[in-house]
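To start, the structure itself, in structure tokens.
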Amino acid sequence: MGIGACVFLIAVGAILTFAVDASVAGIDIDVVGWILMGAGVLGLILTMTIWGNRRRTVVAEEPAEYRRVEERRDVSPPL
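In this note's numbering, each number is its position in the sequence shown, counted from 1, plus 81.
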């Protein structure tokens, strides 16, 4: 999941938990909200750990071999 999807899950879960006073037969909306917030926080933590490591890795490789390029001055210009 991306960061945006995680924040969206947290926001929807908070709305269902703290702002909605409706009741549905067989479903506790508060519990659904807490589950969505938990899934959003867990996804946010996993996303930050996975993408955080990729962004910090810097690899500086040296070339396999060095070549010395010299300019030739003894060549006469074409006619």
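Each residue gets a CB set at the ideal place from its N, CA and C atoms; glycine is no exception.
| query | result |
| --- | --- |
| Under the three-state DSSP convention, the category V122 falls into | helix |
| Where V150 sits in the DSSP three-state scheme | coil |
| Residues of its chain near I91, where Cβ-Cβ distance is below 7 angstroms and the 5 sequence neighbours each way are ignored | M118, G121, V122 |
| Spatial neighbours of G114 in its chain, beta-carbon cut-off 8 angstroms, leaving aside the 5 residues before and after | V93, G94, A95, I96, L97, T98, F99, V101 |
| For V101, the three-state DSSP class (helix, strand or coil) | coil |
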